[in-house]
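One structure is given below, encoded as structure tokens.
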Amino acid sequence: MVFKKIDQIAFDYVCNKDGVEDFLRAIPCPRNQLCSDEDNPANVIPGYQFTYKVRDTQQPRFWYISIASCWRNRTNNVCKWVPQAMKEEILIEYDIWLVNGNPSSRGLNPFEHQFSFEFHDVFEIHLVAFLLCLLLTLLWSYAFFKQRHLITKLLTVIIGGELLSTLLNLIHVTVFAFNGQGVGWMSKVGTLADIVVQCLFMMFLLLLAKGWAITTNELKWKFVLLGICGAYTVLNLFLYIWNLVEIDNIISNTDEWQTWPGYATLAFRLLVMVWFFVELRWTYHMTNNDDLNFIQHFGAFFLVWFIYLPVLVAISTQISALWRYKTVLSINYAVDILAYAVIIHLFWPSRSVLFMVNGERPLPVYDLEITGLLEDIQETTLFLREKGKKPEDTESESGVHMNGDTLKDKAESNNSTRNSATVSSNGVLNTGYRNKFSSDDDSD
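Here the sequence shown is numbered in numbering that gives the first Met the number 0, starting from 0 and rising by one per residue.
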């Protein structure tokens with residue numbers, strides 16, 4: 000049954016001389032000689048005993064090599080396949096090299112020659128991801144040394160882990176492009192590092208949703224949080240091992256997410272997303288007005304981050320296996336790198352100093368001034384704080400000079416403006432503005 004369809008198109012010098020496809024090879028081949036089916040030695044790659052040439056250039060498809068324990072009875076042109084009767088087991092050693100394209104012209108695109116079509120462009124994807132991660136790491140290093148905190152230390156570990164994971168995978172595919180084998184242990188360690196980083200990032204988001212480092216430094220339910228994040232990590236590791244041991248992606252045409260461990264992991268992620276949303280709402284109602292801008296931007300984006308993976312898995316089932324891997328890989332990298340970029344933007348020193356509590360290193364006033372985020376009255380208050388004065392000590396003064404202008408402490412009767420700014424003991428800047436205009440303001 001296996002060869003019934005193949006016999007119709009496969010060439011055989013006795014049974015099917017009109018066959019158009021060169022599919023069949025009899026093994027074992029004579030030692031240090033070409034296989035008996037190789038009638039044209041010029042077609043054989045030097046150093047090998049047989050060569051298959053695939054000339055289908057119209058569209059990509061999967062090609063398989065099947066080794067069957069049978070032989071063809073050519074006696075009297077019977078040409079029937081007969082099962083091989085073996086009295087004992089035979090161990091066959093083979094070295095088959097599969098490439099994409101003509102081996103004699105491998106230099107045309109060295110980063111596709113060794114890869115199956117569904118892995119084309121993965122080198123470029125890993126390279127771009129690594130360069131972007133490196134850029135984010137450098138930017139965050141500057142921000143981290145400006146203002147340190149436990150939450151920023153955790154973010155540093157996450158970004159560094161993502162950079163390491165991307166680097167290991169990049170090294171693997173680079174070596175694979177030249178020898179067709181790569182560095183297997185680097186690929187596995189890189190994938191495991193990425194799993195751990197994803198779980199740490201989820202814990203990082205939950206910590207922020209609970210208001211840690213924003214509204215309080217006290218962390219409640221820490222053991223529950225660690226337990227849930229640990230369970231999610233174990234699920235992801237189990238899914239990865241299951242994918243290595245149980246799933247043949249080529250034969251089954253499925254990926255790890257289309258299995259019961261994959262469904263369990265996605266369901267757990269959705270439950271964590273619901274918890275994230277509940278904690279975020281609670282923190283939102285307990286937060287001062289000055290911190291609402293951060294909470295709104297943070298919650299809006301990272302709810303999308305939680306939900307994107309289940310949506311991507313659902314969409315990927317409709318994508319051809321020839322394009323699925325690199326599509327999912329590209330989207331995963333894009334979403335994660337964008338998430339890190341958003342976090343770095345929100346935690347940039349000129350912004351985080353306005354909502355983080357108990358930072359270990361205050362940001363210099365000059366760095367705040369050049370960002371343009373501070374109003375004049377905020378700059379004045381921070382300046383007085385550095386000089387050891389209180390804002391109310393300036394009430395007896397006639398004005399405060401800044402940028403060539405004088406802020407009078409007494410406004411005109413028809414246009415009075417009151418501004419107040421205070422700096423709390425924990426370093427959070429709270430600013431309020433109240434303006435009152437008289438009805439005859441247009442008379443001036």
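Even for Gly, the Cβ is constructed at its ideal location relative to N, Cα and C.
Practice task
Leaving aside the five residues before and after residue 120 along the sequence, list all residues of the same chain whose C-beta is less than 6 angstroms from its C-beta, in chain order.
Solution key: Taking the first residue of the sequence shown as position 1, residue 120 is located at position 121. Once the five neighbours on either side are set aside, the close Cβ partners of residue 120 are 325.
Exercise for the section: Please name the residue, chosen from 282, 313, 297, that lies closest to residue 265 on a Cα-to-Cα basis. Expected result: Here residue 265 refers to the residue found at position 266 when the sequence shown is read from its first residue. Of the candidates 282, 313, 297, the one whose C-alpha sits nearest the C-alpha of residue 265 is 313.
Practice task
Under 8 angstroms Cβ to Cβ from residue 194, same chain only, skipping five residues before and after it: list those, please.
Solution key: For this step, residue 194 is matched to residue 195 along the sequence shown. Cβ within range, chain order: 232, 235, 236, 239.
Exercise for the section: Name the one or two DSSP bridge partners that residue 71 has. Expected result: Stepping through the sequence shown from its first residue, residue 71 is reached at position 72. Paired residue(s): 80.
Exercise for the section: Identify whether residue 405 lies in helix, strand or coil by the three-state DSSP scheme. Expected result: Locating residue 405 in the sequence shown gives position 406, where the first residue counts as 1. For residue 405, the predicted model reports a pLDDT of 38, less than 50, meaning its position is unreliable; a value from the coordinates is still stated below. Strand, per DSSP.
Exercise for the section: State the Cα-Cα distance for the pair residue 181 and residue 257, rounded to the nearest angstrom. Expected result: Stepping through the sequence shown from its first residue, residue 181 is reached at position 182. Stepping through the sequence shown from its first residue, residue 257 is reached at position 258. Straight-line Cα distance between these residues: approximately 27 angstroms.
Handout entry: Start-to-end residues for the alpha helix (DSSP H) that takes in residue 161
Key = As a working note, residue 161 is residue 162 in the sequence shown. Unbroken alpha helix (DSSP H) run through residue 161: 149-178.
Handout entry: Segment contact, 8 angstroms Cβ cut-off, at least three pairs: the stretch 274-281 with the stretch 200-211
Key = yes
Handout entry: Range covered by the alpha helix (DSSP H) that runs through residue 195
Key = Translated into positions along the sequence shown, residue 195 becomes position 196. Unbroken alpha helix (DSSP H) run through residue 195: 183-208.
Exercise for the section: Leaving aside the five residues before and after residue 164 along the sequence, list all residues of the same chain whose C-beta is less than 7 angstroms from its C-beta, in chain order. Expected result: Looking up residue 164 in the sequence shown gives position 165. Around residue 164: 189, 192, 193, 196.
Handout entry: Chain-order list of residues whose beta-carbon lies under 6 angstroms from that of residue 199 (same chain, five-residue window excluded)
Key = The sequence position of residue 199 within the sequence shown is 200, counting from 1. Cβ within range, chain order: 157.
Handout entry: Check whether residue 172 and residue 125 have beta carbons under 7 angstroms apart
Key = As a first step, residue 172 must be located in the sequence shown, where it is residue number 173. As a first step, residue 125 must be located in the sequence shown, where it is residue number 126. Going by C-beta atoms, residue 172 is nearer than 7 angstroms to residue 125.
Practice task
Tell me whether residue 244 is buried or exposed, calling it buried when 16 or more other Cβ atoms sit within 10 Å of its Cβ.
Solution key: Here residue 244 corresponds to residue number 245 of the sequence shown, with the count starting at 1. Exposed.
Practice task
Reducing DSSP to helix, strand and coil, say where residue 211 ends up.
Solution key: Locating residue 211 in the sequence shown gives position 212, counting from the first residue. Looking at residue 211 - three-state DSSP - the assignment turns out to be strand.
Handout entry: Contacting residues, own chain, Cβ-Cβ under 7 angstroms from residue 162 (five flanking each side not counted)
Key = Mapped onto the sequence shown, residue 162 falls at position 163. Only 132, 133, 136 meet the Cβ criterion.
Handout entry: Distance between beta carbons of residue 166 and residue 202, contact taken as under 8 angstroms
Key = Taking the first residue of the sequence shown as position 1, residue 202 is located at position 203. Taking the first residue of the sequence shown as position 1, residue 166 is located at position 167. Incorrect: roughly 23 angstroms between the Cβ atoms, too far for contact.
Practice task
Whole angstroms is fine: what's the gap from residue 333's alpha carbon to residue 139's?
Solution key: Counted from its first residue, the sequence shown places residue 333 at position 334. Counted from its first residue, the sequence shown places residue 139 at position 140. So the alpha carbons of these two residues sit roughly 18 angstroms apart.
Exercise for the section: Within the stretch 109-154, note down every full alpha helix (DSSP H) run reaching 4 residues or more, in order along the chain. Expected result: 109-112, 121-145
Exercise for the section: Could you tell me the distance, in whole angstroms, from the CA atom of residue 370 to the CA atom of residue 149? Expected result: Taking the first residue of the sequence shown as 1, we reach residue 370 at position 371. Taking the first residue of the sequence shown as 1, we reach residue 149 at position 150. Legend: pLDDT at residue 370 = 46, less than 50; position of this residue unreliable, value from coordinates given subsequently. Approximately 24 angstroms between the Cα atoms of the pair.
Problem - Distance between beta carbons of residue 183 and residue 113, contact taken as under 8 angstroms - result: As a working mapping, residue 113 is identified with position 114 in the sequence shown. As a working mapping, residue 183 is identified with position 184 in the sequence shown. Not quite, the Cβ-Cβ distance comes to about 14 angstroms (not below 8 angstroms), so this is no contact.
Practice task
Give the DSSP-derived three-state secondary structure of residue 55 in the structure shown.
Solution key: For the purposes of this step, residue 55 is identified with residue 56 of the sequence shown, where counting begins at 1. It is coil, neither helix nor strand.
Problem - Closest Cα partner of residue 296 within the set 262, 272, 306, 344 - result: Numbered from its first residue, the sequence shown carries residue 296 at position 297. Of the candidates 262, 272, 306, 344, the one whose C-alpha sits nearest the C-alpha of residue 296 is 344.
Practice task
Kindly indicate which residue of 28, 107, 62, 129 has the alpha-carbon position closest to the one of residue 91.
Solution key: Here residue 91 is taken as the residue at index 92 of the sequence shown, counted from 1. Checked all of 28, 107, 62, 129; the closest Cα to residue 91 is 28.
Practice task
Name the two residues that bound the continuous alpha helix (DSSP H) containing residue 320.
Solution key: As a position in the sequence shown, residue 320 is number 321, starting the count at 1. 320-345 is the span of the alpha helix (DSSP H), which, as asked, contains residue 320.
Handout entry: Terminal residues of the alpha helix (DSSP H) in which residue 229 lies
Key = Locating residue 229 in the sequence shown gives position 230, counting from the first residue. Residues 221-245.
Exercise for the section: Check the DSSP bridge columns for residue 20 and list the partner residues they point to. Expected result: Taking the first residue of the sequence shown as position 1, residue 20 is located at position 21. 9, per the DSSP bridge assignment.
Exercise for the section: Compare the C-alpha of residue 259 against each of 242, 271, 74 and name the closest. Expected result: For the purposes of this step, residue 259 is taken as the residue at position 260 of the sequence shown. Comparing Cα-Cα distances from residue 259 to each of 242, 271, 74, the minimum goes to 242.
Problem - Cβ-Cβ distance between residue 59 and residue 143 below 7 angstroms - result: Residue 59 sits at position 60 when you count from the first residue of the sequence shown. Residue 143 sits at position 144 when you count from the first residue of the sequence shown. Going by C-beta atoms, residue 59 is not nearer than 7 angstroms to residue 143.
Practice task
Can you say whether residue 128 is buried or exposed, counting buried as having 16 or more other CB atoms within 10 angstroms of its CB?
Solution key: Position 129 of the sequence shown, counted from the first residue, corresponds to residue 128. Per the 10 Å Cβ criterion, buried.
Problem - 8 angstroms contact criterion, which residue 68 and residue 83 should meet: CB distance rounded - result: The sequence position of residue 68 within the sequence shown is 69, counting from 1. The sequence position of residue 83 within the sequence shown is 84, counting from 1. So it is a contact: roughly 5 angstroms between Cβ atoms.
Practice task
Alpha carbon to alpha carbon, how far is residue 77 from residue 34? Give it in angstroms, no decimals.
Solution key: On the sequence shown, residue 34 is found 35 positions in, with the first residue counted as 1. On the sequence shown, residue 77 is found 78 positions in, with the first residue counted as 1. Taking the straight line from one Cα to the other gives about 22 angstroms.
Practice task
Compute the distance between the beta-carbons of residue 19 and residue 8, then report whether it is under 7 angstroms.
Solution key: For the purposes of this step, residue 19 is taken as the residue at position 20 of the sequence shown. For the purposes of this step, residue 8 is taken as the residue at position 9 of the sequence shown. For residue 19 and residue 8, yes; Cβs fall inside 7 angstroms.
Problem - Sequence-distant residues of the same chain with beta carbon closer than 6 angstroms to residue 315, five excluded per side - result: In the sequence shown, counting from the first residue as 1, residue 315 sits at position 316. Cβ neighbours of residue 315 beyond the five flanking positions: 323, 327.
Practice task
Work out the CA separation of residue 276 and residue 228 for me, nearest whole Å.
Solution key: As a working mapping, residue 228 is identified with position 229 in the sequence shown. As a working mapping, residue 276 is identified with position 277 in the sequence shown. Those two C-alpha atoms are separated by around 16 angstroms.
Exercise for the section: List the whole-angstrom C-beta distance separating residue 341 from residue 300, where the pair is believed to meet the contact cut-off of C-beta under 8 angstroms. Expected result: The residue you call residue 341 lines up with position 342 of the sequence shown. The residue you call residue 300 lines up with position 301 of the sequence shown. Confirmed, Cβ separation roughly 5 angstroms.
Practice task
Let me know the secondary structure DSSP gives residue 15 once reduced to three states.
Solution key: Taking the first residue of the sequence shown as 1, we reach residue 15 at position 16. It is a strand residue.
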